[in-house]
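Notes follow the structure.
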């Protein structure tokens with residue numbers, strides 16, 4: 001039961017990892033003090049950092065028991 005919950009969390013984070021740019025772009029688009037180019041660049045950089053962190057968490061969950069039997 002415990003492994004199924006952790007696997008579900010890993011699957012959810014895997015999907016969220018690919019949706020991160022879709023979340024960060026609208027958030028940074030509301031910053032009126034920045035130019036359009038800098039808003040997009042900052043949003044994509046933040047999305048890349050968050051996606052990489054989520055990737056590390058997902059890989060940690062996937063290989064929590066080692067590589068094989």
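Numbering (the working numbering), first residue to last: 1 to 69. By construction, the Cβ of each residue, glycine as well, lies at the ideal position given by its N, Cα and C atoms.
Worksheet item: In terms of residue numbering, what span does the alpha helix (DSSP H) encompassing residue 37 cover?
Response: As a working note, residue 37 is residue 37 in the chain shown. Segment 36-62, the alpha helix (DSSP H) holding residue 37.
Worksheet item: Using CA coordinates, which residue listed in 14, 32 and 25 is at the minimum distance from residue 41?
Response: Numbered from 1 along the chain shown, position 41 holds the residue referred to as residue 41. Taking only the C-alpha atoms, the option nearest residue 41 is 25.
Practice prompt. Return yes when the Cβ of residue 9 is within less than 8 Å of the Cβ of residue 61, no when it is not.
Written response: Stepping through the chain shown from its first residue, residue 61 is reached at position 61. Stepping through the chain shown from its first residue, residue 9 is reached at position 9. Cβ atoms of residue 61 and residue 9: closer than 8 Å.
Discussion item. Between the alpha carbons of residue 39 and residue 2, how many angstroms are there, rounded?
Written reply: Here residue 39 is taken as the residue at index 39 of the chain shown, counted from 1. Here residue 2 is taken as the residue at index 2 of the chain shown, counted from 1. Roughly 41 Å separates the two Cα atoms.
Item to complete: Compare the beta carbon distance of residue 14 and residue 58 with 8 Å and say whether it is the shorter of the two.
Response: Sequence index remark: in the chain shown, residue 14 carries index 14 (1-based). Sequence index remark: in the chain shown, residue 58 carries index 58 (1-based). Contact flag set, yes.
Worksheet item: Near residue 50, what residues of its chain come up, given a Cβ to Cβ distance below 6 Å and the 5 sequence neighbours on each side ignored?
Response: Taking the chain shown and counting its residues from 1, one reaches residue 50 at position 50. Only 20 meet the Cβ criterion.
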